Every structure is written in structure tokens, then in C-alpha cells.
Amino acid sequence: MTSDFLPDNESYYQFYKEQAELNGYYKYSCHFIPFITLPIYAEACYCILYKCKQFSPKYVTILQIHMFLHFFGEIYWTVLLLPVIVLPSIGISTEGFLSVLRISSSWQIFIMCGILQISTATMIHLLIYRLKFAVPPDASRAIKIGADLTNGFYYFTAIFCTCAIGFMDEDQKVAKSRIIHKYLVPPPNLWEDNYVTTDRENPNFKYYVYITVAEIMILIINIIVVPTVSFHFLSKNRTEKSEKLAQAHKQTLQVLVFQLAIHCIFHLLPLVCFTWSAIFRTKNIALLSVGLLIWALHGAACTLALILANKPFRLTTATHLKTDLAAIGPYLLKSPGFVDQCQNKFSPMSLIFECFDGFVWANESADFSSVLFHKNLRMFEPEALFVCRLVTKFPRAN
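All residue numbers for the sequence shown refer to our numbering, where the first residue is 553 and numbers rise by one.
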């Protein structure tokens, strides 16, 4: 039976051409992702190893596992697996290093799904662990048992949903024989070994859909219920004496909700997108390519959110950034046109610059370059000179 995905052969040829072009952009982007995101992982690794003394050993251990899963997952996705969506069937072409080694594409995809699911479970484990402060003291035992059961439930869900991907796997000779008769023009790479496919006629497809939709609902409920319950406990047990402490807890909850939002965008949103595509056979390959790219950035985004959500990590990262700026300062000052650009941009205003020793005043009539290179700024050796940061600007007082 022929599908009505596209009306004629010419439409299929045009569709495959556009699909190959968009997938090419996606693959080029994946090649650069590890180089762009490596500093984020390096900073997070340093913070976890040296800035976690105030955290419990259990929390640090979970944190280390969580970050390792994100880092390994990103390398696995962009280098080892490199999955590419191929429509009109539910098809994935694995074009990474593991395919060069002729490792089964089905197993490659299964491992990637396991990494994503387990990293989700560890993130929720970290969230629940940090939310324990929001419970009243007299309910600590009950909440501890509930938290342990919840963690066990999410780890079970992660393993169960990973195994559910097996419902999509079927004998490729049978699946591809069905695909070649279903569409007027089958995918060009249909018979390649690194291309795996299925469709809605797969007898087990409905079971995969049921489990995936249930997982999406569980994650959405978690994102809504857990912060809501925590805020409820904080409000219920707030007193005048604990107002300041409750405010600190509220700020902690807010940054944890921020972490959940990042996870929702970079994991849950692509999952919803691909599930919707599998069920309703969308033709928008651009949307799916963007979804794959967002999924590839999932680890780096969650790691960055982890740095921003922990105050010791934030302060350490800020210190490192200032140190890096100080190191590149002399090179910026010596670059052609740097002073001229600043002078043209800010000369109508009076300026205050922040340097190592405090503030340096430059009035409207002063020559910008003479102030910038004035001997009073050379408190340290020239190569250690810090680039002055513009703090504020305002009209000169009469």
C-alpha cells in the first residue's frame, strides 16, 4: 500500500534534497560543539573537585556521576553516534565513529537513550536531595522515606523507558521491505547498514508510544509538583524568627526551578517534538534537526545551569573569568584601534574606570589615550595591567 506522504516523485526528490542539506548543517554544528562546550565542563569539573567542601559526600558523588554522564553523553552524541533523522519513515542514520567500526546502529541508539534517561534520573535525585531543607523537622523521617522511594521510582522509570526503545527495533529486512513498498520514492540510504528504520505499522509501536507519553507526563508532573510542595512547606512553616532563613531557602528553590527549566527546554522539549513527529508523521525536517541539535547541547546547558545554581561555583567561575580578562588585557590595550574606538564612543561623557587600585577619573576634556596609558595606572608591571572596565558614565557636573 502506497503512502500519501508526498503526491509525486518530483516532490520526493525535492524533499530528500532539502533534508540532506539541513542534515549537513546539523552535522557540521555537531563537529564544533565539543570544542565550544569544553570550557564549561572543565570549569564544572574544577568546582566539583575543589569547591564542594561544604556539601555532603553523598551529594558530591551524585554530582560527579551526573556531570560525567553529561560530558560522556555529549561526546557520545556528537562524535561516536552522530544520529541523523531521515524521513519519511521513522528512520535514524548513525554517522559517527562507532558506525565506522561497524557497531550495530540499534545498540548505539539504545546506549544513547540510556545515557539521557539516567542523567535525567540523577538530576532529579540531586533536586530532591537539595529540597530536603524545605520540610519541617517533625516530618523529616517520613520525607526521607518518601524521597528515597521517589528516587528509586525515577531510576526505575529511566531504566524502563530505555528498555522501551526496544519496541521500536525490529528486523531491518522486514522493516525496509515494508518501507520500499510504502513510499513512491524510498529514502536514498534505505539499505545502508548504519540506517535503522521502522514505522507506525510496527506491531510494537503503540507500546513505545504509551511508555514515552507516560514518561513525558511523569517529568511534567515532577517539574510542577516538587517545587510547588517545597514552596508550600516553606510558607507553612515560616515564622518571624525564620523569615531570613526562609528567604534564603526561597532563593535556593528559585535557582533549582531554573535548573528544571533548562532541563525541560533541552531534554523534554526535543522528546515531545520527536514523539509528536513519530505519531503524526510531520514533514518538518528543520524542526527535527533543531531538536537534535538542542538534544546534543543538553549536557552543556545543564552543566552551565549547575554552575549558576550553586553559589560557590558561581563565585569561582567569576574569579576565573576576571583572571582570564586580566591575562588578555595587555593584548587588548595594544591592539590597533582599541583606544580610538573607546574615545569615539565615550568622549562626550565623563568616565569612571575600575582598575586594580580602585577608580581613575577621566574628565571630558582629558585626552583618552593619555589617561589610559598614564603612569598612575601602572601600579603593576605592564604585562600584568588589567583592562579597565567601564563602571558608569555620566555628564560632567557644572
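Heads up, the beta-carbon is just placed ideally off N, CA and C, and yes, glycines get one too. Predicted model, so just to flag it, every value in this text is computed and none were measured.
For the putative contact between residue i and residue j, defined by C-beta atoms under 8 Å, what is the C-beta separation to the nearest angstrom?
{"i": "Phe719", "j": "Tyr747", "result": "The Cβ separation is near 19 Å, so there is no contact."}
{"i": "Ala861", "j": "Ile585", "result": "Not really, about 22 Å apart at Cβ, beyond 8 Å."}
{"i": "Ile731", "j": "Asp751", "result": "7 Å"}
{"i": "Pro739", "j": "Ser641", "result": "7 Å"}
{"i": "Val626", "j": "Thr589", "result": "The question names Val, but residue 626 in the sequence shown is Glu. With a Cβ gap of about 7 Å, Glu626 and Thr589 count as contacting."}
{"i": "Phe810", "j": "Cys599", "result": "Incorrect: roughly 17 Å between the Cβ atoms, too far for contact."}
{"i": "Leu639", "j": "Gln571", "result": "6 Å"}
{"i": "Cys827", "j": "Ile768", "result": "The sequence shown places Thr at residue 827, not Cys. Indeed, because the Cβ distance is near 7 Å, the residues count as touching under 8 Å."}
{"i": "Phe624", "j": "Ile667", "result": "7 Å"}
{"i": "Asn575", "j": "Ser829", "result": "With a Cβ gap of about 15 Å, Asn575 and Ser829 do not count as contacting."}
{"i": "Leu844", "j": "Tyr577", "result": "In fact, because the Cβ distance is near 11 Å, the residues do not count as touching under 8 Å."}
{"i": "Ile846", "j": "Leu808", "result": "At roughly 21 Å, the Cβ-Cβ gap does not stay under 8 Å, so Ile846 and Leu808 are not in contact."}
Should residue i be labelled buried (16 or more other beta-carbon atoms within 10 Å of its own) or exposed?
{"i": "Gln806", "result": "exposed"}
{"i": "Met619", "result": "buried"}
{"i": "His819", "result": "buried"}
{"i": "Asn774", "result": "buried"}
{"i": "Lys728", "result": "buried"}
{"i": "Gln566", "result": "exposed"}
{"i": "Gly851", "result": "buried"}
{"i": "Thr855", "result": "buried"}
{"i": "Asp560", "result": "exposed"}
{"i": "Asp919", "result": "Note that Asp919 scores a pLDDT of 41, beneath 50, so its modelled location is shaky; the value from the coordinates is reported in the next line. Exposed is the call here."}
{"i": "Arg682", "result": "buried"}
{"i": "Ile772", "result": "exposed"}
{"i": "Glu562", "result": "exposed"}
{"i": "Ser608", "result": "exposed"}
{"i": "Pro635", "result": "buried"}
{"i": "Ile776", "result": "exposed"}
{"i": "Asp723", "result": "exposed"}
{"i": "Ile867", "result": "With the sequence shown as reference, residue 867 is identified as Leu, and Ile is not the correct amino acid for it. The residue in question, Leu867, is exposed, as its Cβ has fewer than 16 Cβ neighbours within 10 Å."}
{"i": "Tyr507", "result": "Nothing in the structure corresponds to residue 507, since the chain is present only between 553 and 950."}
{"i": "Tyr568", "result": "buried"}
{"i": "Leu653", "result": "exposed"}
{"i": "Glu647", "result": "buried"}
What number of angstroms, rounded off, separates the C-alpha of residue i from the C-alpha of residue j?
{"i": "Asn928", "j": "Lys605", "result": "Residue placement at Asn928 is poorly supported in this model, since its pLDDT is 40, which falls under 50; the coordinates are not used for a value here."}
{"i": "His926", "j": "Ile859", "result": "Unreliable placement is indicated for His926, whose pLDDT of 39 sits below 50; no coordinate value is reported for it."}
{"i": "Leu839", "j": "Cys825", "result": "8 Å"}
{"i": "Cys582", "j": "Ala694", "result": "46 Å"}
{"i": "Ser645", "j": "Leu633", "result": "9 Å"}
{"i": "Phe649", "j": "Val631", "result": "6 Å"}
{"i": "Phe493", "j": "Tyr593", "result": "Absent from the model: residue 493. The displayed extent of the chain is 553 to 950, so no value can be given."}
{"i": "Val778", "j": "Phe708", "result": "18 Å"}
{"i": "Phe557", "j": "Leu736", "result": "9 Å"}
{"i": "His733", "j": "Ile837", "result": "22 Å"}
{"i": "Glu792", "j": "Ala699", "result": "The predicted model places Glu792 with a pLDDT of 49, which falls under 50 and marks its position as unreliable; any figure quoted below should be read in that light. For Glu792 and Ala699, the distance between alpha carbons rounds to 28 Å."}
{"i": "Lys835", "j": "Met675", "result": "33 Å"}
{"i": "Thr869", "j": "Leu601", "result": "14 Å"}
{"i": "His815", "j": "Ala853", "result": "8 Å"}
{"i": "Leu812", "j": "Ile661", "result": "25 Å"}
{"i": "Phe832", "j": "Pro591", "result": "39 Å"}
{"i": "His872", "j": "Thr714", "result": "39 Å"}
{"i": "Cys665", "j": "Ile717", "result": "8 Å"}
{"i": "Ala596", "j": "Tyr628", "result": "19 Å"}
{"i": "Gly643", "j": "Asn756", "result": "16 Å"}
{"i": "Leu678", "j": "Gln669", "result": "14 Å"}
{"i": "Val726", "j": "Lys758", "result": "18 Å"}
{"i": "Thr764", "j": "Thr613", "result": "29 Å"}
{"i": "Ile637", "j": "Ala857", "result": "28 Å"}
{"i": "Lys796", "j": "Ile680", "result": "22 Å"}
{"i": "Thr804", "j": "Ile617", "result": "22 Å"}
{"i": "Leu659", "j": "Gln799", "result": "According to the sequence as given, residue 659 is Trp; it is not Leu. When rounded, the distance between both Cα atoms is 48 Å."}
{"i": "Ile770", "j": "Trp743", "result": "37 Å"}
{"i": "Lys863", "j": "Thr875", "result": "18 Å"}
{"i": "Ile697", "j": "Ile711", "result": "21 Å"}
The alpha helix (DSSP H) spanning residue i covers which residue range?
{"i": "Tyr959", "result": "Residue 959 cannot be examined here, being either before or after the span of the chain that is shown, 553 to 950."}
{"i": "Ile670", "result": "Ser657 to Arg682"}
{"i": "Val652", "result": "Phe649 to Val652"}
{"i": "His850", "result": "His850 to Ala861"}
{"i": "Cys816", "result": "First-last for Cys816: undefined, no H or E at that position."}
Considering residue i, what are the terminal residues of the beta strand (DSSP E) in which it resides?
{"i": "Thr646", "result": "Ile642 to Thr646"}
{"i": "Ile614", "result": "Where Ile614 is concerned, there is no enclosing beta strand (DSSP E), although the alpha helix (DSSP H) it sits in stretches over Pro609 to Ile627."}
{"i": "Ile637", "result": "Pro635 to Val638"}
If you measure from the beta carbon of residue i to each beta carbon in chain C, is any gap under 7 Å?
{"i": "His677", "result": "Going by chain labels, chain C is absent from the structure shown, which holds only one protein chain."}
> Which ranges would you report for the alpha helix (DSSP H) in the segment 702-784 if only whole runs of at least 4 residues count?
Replying inline: 724-734
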